[in-house]
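Below is one structure, written out as structure tokens, with a few remarks after it.
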Amino acid sequence: AVVSTQSTGGKVLRTLSERIIPKLLTFLTKATSAPSERTKKKSISYEEDQVAVQAPIAIAIVSLICRLPEETRQAQLPPVLLRICNTLRNRAMDVRTTTRQTLSTIAADLGPQYLGYIVSELRGALTKGYQLHVLAN
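Residue numbers (my numbering): 30 to 166.
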């Protein structure tokens with residue numbers, strides 16, 4: 030029996046959209062481990078640990094989303110960008126620096142057509158106090 034490439038492609042797209050990407054998104058919102066269980070390094074905070082783990086996951090998710098059709102991409106991209114933009118609210122400078130680098134990599138992957146969207150997400154996430162300074166940088 031010959032398998033139609035269109036039906037196979039549809040199954041792959043559906044699996045990516047409905048199962049794989051949502052599962053990966055849970056890693057962006059899930060804590061890495063309880064502070065008592067992690068290593069005793071005093072120079073690295075719990076938030077820094079989380080961002081260090083979540084940054085490459087976010088880049089991988091966006092890289093995967095970039096290979097999807099436009100309509101699927103537009104549906105899958107906002108939760109990832111929103112999570113990254115919300116991480117910039119953190120008061121720890123190291124966390125914000127790592128997040129900026131991650132967002133920069135993601136913006137380069139997405140291309141210039143998404144720059145306006147990224148800026149609007151940043152404006153929506155960073156609205157008060159010190160966050161306005163973060164937005165300006």
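Backbone N, C-alpha and C fix where the C-beta goes; we use that ideal spot for every residue, glycine too.
Worksheet item: Would you say the beta carbon of E100 comes nearer than 7 Å to a heavy atom of the ligand PLP?
Response: The ligand PLP is not part of this structure, which contains no ligands at all.
Worksheet entry | 8 Å contact criterion, which A84 and T126 should meet: CB distance rounded | With a Cβ gap of about 11 Å, A84 and T126 do not count as contacting.
Discussion item. How far does the alpha helix (DSSP H) with K52 in it extend, from its first residue to its last?
Written reply: I50 to T58
Worksheet item: Do L175 and L42 have their CB atoms nearer than 8 Å?
Response: Any answer about residue 175 is impossible in this case: the structure gives the chain only from 30 up to 166.
Worksheet item: Relative to the C-alpha of L93, which residue among I147, V148, K52 and L155 is closest?
Response: K52
Worksheet item: Can you give, in chain order, each stretch of the beta strand (DSSP E) that sits fully within the stretch 80 to 151 and has at least 3 residues?
Response: none
Worksheet item: Short check: CB of A154 to CB of L117, under 8 Å?
Response: yes
Fill in: Range of the contiguous alpha helix (DSSP H) that encloses L161
Y159 to A165
Worksheet item: In three-state DSSP terms, what is T37?
Response: helix
Worksheet entry | Neighbour-count burial assignment, I49, 16 or more Cβ in a 10 Å radius | exposed
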